[in-house]
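Chemist:
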Amino acid sequence: MENSNFMPSSSGKNERKKRFFGRGGVKYALLELLTHGPMHGYQMIKALEEESGGIYVPSAGSVYPTLNMLEARKLIASEAAEGKKVYSLTESGRQFLNDMPIQELYGASAYRKELYRIEREGHGKEFKDELSELLLLIGKAEKATVGHPFHWERFRSALDQLKEQMNMIVDDLDRSRPTSRKTKNSL
17 MENSNFMPSS SGKNERKKRF FGRGGVKYAL LELLTHGPMH GYQMIKALEE
67 ESGGIYVPSA GSVYPTLNML EARKLIASEA AEGKKVYSLT ESGRQFLNDM
117 PIQELYGASA YRKELYRIER EGHGKEFKDE LSELLLLIGK AEKATVGHPF
167 HWERFRSALD QLKEQMNMIV DDLDRSRPTS RKTKNSL
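As C-alpha coordinates, this is what we get:
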(Lines of atoms letter the chains of each structure in order from A and count residues from 1; the text may use other names and numbers.)
(Lines give C-alpha, C1' and ligand atoms only; values in the text may rest on other atoms or scores of the structure.)
Protein backbone atom coordinates (compact mmCIF):
# COMPACT_ATOMS: atom_id res chain seq x y z
CA MET A 1 0.00 0.00 0.00
CA GLU A 2 1.31 3.41 -0.81
CA ASN A 3 2.38 4.99 2.44
CA SER A 4 0.68 8.10 3.76
CA ASN A 5 3.88 9.61 5.17
CA PHE A 6 4.68 13.27 4.90
CA MET A 7 6.91 14.13 1.96
CA PRO A 8 8.32 17.36 0.62
CA SER A 9 6.30 18.67 -2.30
CA SER A 10 7.46 20.78 -5.20
CA SER A 11 6.43 23.83 -3.16
CA GLY A 12 8.85 22.81 -0.39
CA LYS A 13 6.04 22.15 2.09
CA ASN A 14 5.43 18.79 3.67
CA GLU A 15 2.24 17.31 2.32
CA ARG A 16 0.55 13.99 2.98
CA LYS A 17 0.80 11.46 0.16
CA LYS A 18 -2.49 9.81 -0.78
CA ARG A 19 -2.84 6.06 -0.58
CA PHE A 20 -3.28 4.20 -3.84
CA PHE A 21 -5.49 1.64 -2.10
CA GLY A 22 -7.91 2.33 0.68
CA ARG A 23 -7.45 0.58 4.00
CA GLY A 24 -7.14 -3.16 3.37
CA GLY A 25 -7.22 -2.79 -0.40
CA VAL A 26 -3.88 -4.51 -1.00
CA LYS A 27 -5.23 -7.84 0.24
CA TYR A 28 -8.04 -7.76 -2.31
CA ALA A 29 -5.66 -6.84 -5.10
CA LEU A 30 -3.34 -9.73 -4.18
CA LEU A 31 -6.23 -12.19 -3.95
CA GLU A 32 -7.55 -11.01 -7.32
CA LEU A 33 -4.11 -11.52 -8.88
CA LEU A 34 -4.07 -15.10 -7.64
CA THR A 35 -7.35 -15.85 -9.45
CA HIS A 36 -5.15 -15.93 -12.58
CA GLY A 37 -2.91 -18.63 -11.13
CA PRO A 38 -0.10 -19.19 -8.64
CA MET A 39 2.54 -16.46 -8.30
CA HIS A 40 5.45 -15.61 -6.07
CA GLY A 41 5.61 -12.30 -4.21
CA TYR A 42 7.88 -10.49 -6.64
CA GLN A 43 5.60 -11.43 -9.55
CA MET A 44 2.66 -9.91 -7.65
CA ILE A 45 4.60 -6.71 -6.94
CA LYS A 46 5.44 -6.38 -10.64
CA ALA A 47 1.87 -7.22 -11.72
CA LEU A 48 0.40 -4.50 -9.45
CA GLU A 49 2.94 -2.01 -10.77
CA GLU A 50 2.08 -2.94 -14.37
CA GLU A 51 -1.68 -2.80 -13.75
CA SER A 52 -1.37 0.73 -12.38
CA GLY A 53 0.70 1.89 -15.32
CA GLY A 54 3.61 2.49 -12.96
CA ILE A 55 1.64 4.83 -10.72
CA TYR A 56 1.67 2.38 -7.83
CA VAL A 57 4.80 0.40 -6.97
CA PRO A 58 4.06 -1.73 -3.91
CA SER A 59 6.83 -2.28 -1.44
CA ALA A 60 7.90 -5.69 -0.20
CA GLY A 61 7.13 -4.28 3.26
CA SER A 62 3.44 -4.07 2.40
CA VAL A 63 3.09 -7.14 0.16
CA TYR A 64 4.83 -9.88 2.16
CA PRO A 65 3.16 -9.15 5.53
CA THR A 66 -0.19 -9.07 3.72
CA LEU A 67 0.58 -12.43 2.08
CA ASN A 68 1.47 -13.85 5.51
CA MET A 69 -1.83 -12.58 6.92
CA LEU A 70 -3.81 -14.06 4.01
CA GLU A 71 -2.05 -17.39 4.48
CA ALA A 72 -2.78 -17.35 8.23
CA ARG A 73 -6.45 -16.75 7.40
CA LYS A 74 -6.32 -19.75 4.99
CA LEU A 75 -7.31 -17.57 2.03
CA ILE A 76 -4.10 -18.48 0.21
CA ALA A 77 -1.62 -21.34 0.46
CA SER A 78 2.07 -21.40 -0.33
CA GLU A 79 4.63 -23.97 -1.37
CA ALA A 80 8.32 -23.79 -2.15
CA ALA A 81 9.21 -24.06 -5.81
CA GLU A 82 12.70 -23.47 -7.17
CA GLY A 83 13.73 -21.67 -4.01
CA LYS A 84 10.75 -19.31 -4.06
CA LYS A 85 7.54 -19.26 -2.08
CA VAL A 86 4.69 -19.60 -4.58
CA TYR A 87 1.22 -18.56 -3.47
CA SER A 88 -2.10 -19.84 -4.73
CA LEU A 89 -5.70 -19.04 -3.92
CA THR A 90 -7.56 -21.52 -1.72
CA GLU A 91 -11.23 -22.35 -2.07
CA SER A 92 -11.85 -20.17 1.01
CA GLY A 93 -10.04 -17.35 -0.77
CA ARG A 94 -12.22 -17.76 -3.85
CA GLN A 95 -15.34 -17.70 -1.70
CA PHE A 96 -14.06 -14.62 0.13
CA LEU A 97 -13.69 -12.79 -3.20
CA ASN A 98 -17.06 -13.96 -4.45
CA ASP A 99 -18.92 -12.78 -1.36
CA MET A 100 -18.68 -9.11 -2.45
CA PRO A 101 -17.96 -7.37 -5.74
CA ILE A 102 -14.21 -6.84 -6.01
CA GLN A 103 -14.61 -3.22 -7.12
CA GLU A 104 -16.33 -2.36 -3.81
CA LEU A 105 -13.71 -4.17 -1.78
CA TYR A 106 -10.69 -2.43 -3.24
CA GLY A 107 -11.36 0.77 -1.35
CA ALA A 108 -9.23 2.26 -4.13
CA SER A 109 -9.39 5.53 -5.91
CA ALA A 110 -11.91 6.03 -8.68
CA TYR A 111 -8.95 5.73 -11.05
CA ARG A 112 -8.16 2.13 -10.06
CA LYS A 113 -11.81 1.11 -10.07
CA GLU A 114 -12.24 2.52 -13.55
CA LEU A 115 -9.11 0.82 -14.88
CA TYR A 116 -10.32 -2.47 -13.42
CA ARG A 117 -13.73 -2.00 -15.07
CA ILE A 118 -12.21 -1.03 -18.44
CA GLU A 119 -10.05 -4.14 -18.58
CA ARG A 120 -12.82 -6.51 -17.48
CA GLU A 121 -15.96 -4.99 -19.04
CA GLY A 122 -14.86 -2.20 -21.33
CA HIS A 123 -12.50 -1.81 -24.24
CA GLY A 124 -9.82 -4.12 -22.90
CA LYS A 125 -6.21 -4.05 -21.78
CA GLU A 126 -4.90 -2.06 -24.74
CA PHE A 127 -7.21 0.85 -23.96
CA LYS A 128 -6.46 0.56 -20.24
CA ASP A 129 -2.76 0.87 -21.08
CA GLU A 130 -3.43 3.95 -23.24
CA LEU A 131 -5.47 5.51 -20.44
CA SER A 132 -2.72 4.78 -17.92
CA GLU A 133 -0.17 6.46 -20.20
CA LEU A 134 -2.44 9.49 -20.57
CA LEU A 135 -2.92 9.80 -16.82
CA LEU A 136 0.83 9.54 -16.24
CA LEU A 137 1.40 12.24 -18.85
CA ILE A 138 -1.19 14.49 -17.20
CA GLY A 139 0.56 14.04 -13.86
CA LYS A 140 3.95 14.76 -15.42
CA ALA A 141 2.64 17.89 -17.15
CA GLU A 142 1.01 19.12 -13.95
CA LYS A 143 4.31 18.79 -12.06
CA ALA A 144 6.21 20.51 -14.86
CA THR A 145 3.90 23.54 -14.77
CA VAL A 146 4.54 24.34 -11.10
CA GLY A 147 5.98 27.85 -11.00
CA HIS A 148 5.13 28.52 -14.66
CA PRO A 149 1.79 30.41 -14.76
CA PHE A 150 1.60 30.64 -18.55
CA HIS A 151 2.09 26.89 -19.00
CA TRP A 152 -0.24 26.17 -16.07
CA GLU A 153 -3.00 28.09 -17.85
CA ARG A 154 -2.33 26.14 -21.08
CA PHE A 155 -2.44 22.88 -19.08
CA ARG A 156 -5.73 23.87 -17.38
CA SER A 157 -7.22 24.91 -20.73
CA ALA A 158 -6.29 21.56 -22.31
CA LEU A 159 -7.83 19.68 -19.36
CA ASP A 160 -11.00 21.78 -19.55
CA GLN A 161 -11.31 21.03 -23.28
CA LEU A 162 -10.83 17.31 -22.66
CA LYS A 163 -13.44 17.30 -19.88
CA GLU A 164 -15.87 19.22 -22.07
CA GLN A 165 -15.44 16.72 -24.91
CA MET A 166 -15.88 13.72 -22.57
CA ASN A 167 -18.99 15.28 -20.98
CA MET A 168 -20.48 15.85 -24.44
CA ILE A 169 -20.01 12.17 -25.30
CA VAL A 170 -21.54 11.03 -22.01
CA ASP A 171 -24.43 13.49 -22.34
CA ASP A 172 -25.14 12.30 -25.90
CA LEU A 173 -25.19 8.69 -24.73
CA ASP A 174 -27.33 9.50 -21.70
CA ARG A 175 -29.91 11.20 -23.93
CA SER A 176 -30.07 8.13 -26.18
CA ARG A 177 -30.42 5.57 -23.37
CA PRO A 178 -34.02 6.18 -22.19
CA THR A 179 -35.31 5.46 -25.70
CA SER A 180 -33.43 2.17 -25.93
CA ARG A 181 -34.57 1.15 -22.42
CA LYS A 182 -38.22 1.83 -23.27
CA THR A 183 -37.88 -0.29 -26.38
CA LYS A 184 -36.21 -3.06 -24.40
CA ASN A 185 -38.84 -2.99 -21.64
CA SER A 186 -41.75 -2.94 -24.06
CA LEU A 187 -40.67 -6.17 -25.79
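Residues 17 to 203 in the working numbering are what the sequence shown spells out, letter by letter. Backbone N, C-alpha and C fix where the C-beta goes; we use that ideal spot for every residue, glycine too.
Quick one: is LEU105 buried, meaning 16 or more other Cβ sit within 10 Å of its Cβ, or exposed?
Modeler: Position 89 of the sequence shown, counting from 1, holds the residue named residue 105. That one is buried.
Chemist: Please report the straight-line C-alpha distance between LEU189 and ASP176, rounded to a whole angstrom.
Modeler: Looking up residue 189 in the sequence shown gives position 173. Looking up residue 176 in the sequence shown gives position 160. If I take the Cα positions, the gap works out to 20 Å.
Chemist: Which of helix, strand or coil does DSSP assign to HIS270?
Modeler: Beyond the ends of the chain as shown, which are 17 and 203, falls residue 270; an answer cannot be given.
Chemist: Between MET184, LEU150, PRO74 and LEU91, which lies nearest to PRO54 when the distance is taken from Cα to Cα?
Modeler: As a first step, residue 54 is located in the sequence shown; it is residue number 38 there, counting from the start. That would be LEU91, whose Cα lies nearest to the Cα of PRO54.
Chemist: From what residue to what residue does the alpha helix (DSSP H) around ILE154 run?
Modeler: Numbered from its first residue, the sequence shown carries residue 154 at position 138. Run containing ILE154: 141-160, per the alpha helix (DSSP H) assignment.
Chemist: Taking only the alpha-carbon atoms, compute the straight-line gap between TYR80 and SER173 and give it to the nearest angstrom.
Modeler: In the sequence shown, counting from the first residue as 1, residue 80 sits at position 64. In the sequence shown, counting from the first residue as 1, residue 173 sits at position 157. Rounded to the nearest angstrom, the two C-alpha atoms are 43 Å apart.
Chemist: Whole angstroms is fine: what's the gap from GLU48's alpha carbon to GLU65's?
Modeler: Indexing the sequence shown from 1 puts residue 48 at position 32. Indexing the sequence shown from 1 puts residue 65 at position 49. GLU48 and GLU65: Cα-Cα distance of roughly 14 Å.
Chemist: Out of curiosity, what's the CA-to-CA distance linking GLN59 and ALA76?
Modeler: Position 43 of the sequence shown, counted from the first residue, corresponds to residue 59. Position 60 of the sequence shown, counted from the first residue, corresponds to residue 76. One C-alpha to the other measures close to 11 Å.
Chemist: State the start and end residues of the unbroken beta strand (DSSP E) segment that holds TYR103.
Modeler: For the purposes of this step, residue 103 is taken as the residue at position 87 of the sequence shown. Element bounds for TYR103: 100-105.
Chemist: Report the option in PRO74, GLY140, VAL102 and VAL73 whose CA atom is closest to the CA atom of GLU12.
Modeler: The structure shown does not extend to residue 12, since the chain is modelled only from 17 through 203, so no value can be given for it.
Chemist: Looking at the unbroken beta strand (DSSP E) that takes in SER94, where does it start and where does it end?
Modeler: Residue 94 sits at position 78 when you count from the first residue of the sequence shown. Counting along the chain, the beta strand (DSSP E) containing SER94 begins and ends at 92-97.
Chemist: Throw me the rounded Cβ distance for the VAL42 and SER78 pair, which I believe falls under 8 Å.
Modeler: Numbered from 1 along the sequence shown, position 26 holds the residue referred to as residue 42. Numbered from 1 along the sequence shown, position 62 holds the residue referred to as residue 78. Indeed, because the Cβ distance is near 6 Å, the residues count as touching under 8 Å.
Chemist: Over what stretch of residues does the alpha helix (DSSP H) that includes SER78 continue unbroken?
Modeler: Within the sequence shown, residue 78 is the residue found at index 62, counting from 1. Here the alpha helix (DSSP H) through SER78 covers 76-88.
Chemist: Below 8 Å on the Cβ atoms is my guess for LEU83 versus GLY57; work out the distance and round it to an integer in Å.
Modeler: Translated into the one-based positions of the sequence shown, residue 83 becomes position 67. Translated into the one-based positions of the sequence shown, residue 57 becomes position 41. Confirmed, Cβ separation roughly 6 Å.
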